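Take the position in the sequence shown, starting the count at 1, then add 771; the result is the number in our numbering.
Using N, Cα and C, we set each Cβ at its ideal position, and we do this for glycine too.
No experiment lies behind these values; they were computed from the predicted model shown.
Data first, discussion second: the structure below is written as structure tokens.
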Amino acid sequence: MNNRNPGLLALAAVVLVLAACSGQSSEPTDVAEPAPAVSEPEIAPAAEAAPAQAPAADTAVAAADGAPAADAAGHPGEETYKKTCAMCHSTTALGAPMVGDKADWGARAAQGTETLHKHALEGFNGAKGVMPARGGNPSLDDDAVKAAVDYMVSKSK
């Protein structure tokens, strides 16, 4: 009995394992069980729902000439500044002038608003740093970018 075939023993073991597993349910395993019924929360009648709030009285409407509307905070560029520009202009990242730094903004403002707008819209590589086009947010329209620049300059006079 020393001539036992190890392959034959392995095959016998596999057959025994399969035979033992065949006693399990023959239902397919990929069928999902139905989810237990979940009661939906009750919804209050419309009359009991909280009334919609009217917009704040200090929110301005866009001017007829196409100028951006003033944000609830008061300046049309403040919201864009907070969402996009502050990442650099409140930390001096990439050499950006800090909002409120009169000396740093003074030299830039002396170039004129048109130049500042152009640099903000198109991007600029200067001696003091880099200004990515549209502050790195290509979804900003021209008016939003210009309003944000005007806001930063107004806070830095």
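Give me the Cβ distance between residue i and residue j, rounded to the nearest whole Å; I'm assuming they're in contact under 8 Å.
| i | j | result |
| --- | --- | --- |
| A960 | Y852 | The question about residue 960 has no answer, for the chain in this structure spans 772 to 928. |
| M923 | C856 | 7 Å |
| A891 | V916 | 5 Å |
| S910 | W876 | Wrong, their Cβ atoms sit about 25 Å apart, outside the cutoff. |
By the 10 Å Cβ neighbour count, where 16 or more other Cβ atoms means buried, how is residue i classified, buried or exposed?
| i | result |
| --- | --- |
| P847 | buried |
| K899 | exposed |
| A1006 | Because the chain here runs from 772 to 928, residue 1006 falls outside it and cannot be looked at. |
| G897 | exposed |
Would you say residue i and residue j are within 9 Å of each other, going by their C-beta atoms?
| i | j | result |
| --- | --- | --- |
| A878 | L887 | no |
| T884 | D921 | yes |
Going by DSSP in three states, residue i sits in which element: helix, strand or coil?
| i | result |
| --- | --- |
| M858 | helix |
| A870 | Checking the sequence, you will find Val at residue 870 rather than Ala. DSSP places V870 in coil when its eight states are reduced to three. |
Take residue i and list the residues in its own chain whose beta-carbon comes closer than 7 Å to its own, dropping the five residues that flank it on each side.
| i | result |
| --- | --- |
| L865 | C859, G900 and V901 |
I'd like the list of long-range same chain contacts for residue i, defined as Cβ closer than 8 Å, with 5 residues on each side in sequence excluded.
| i | result |
| --- | --- |
| E893 | A904 |
| S925 | H846 |
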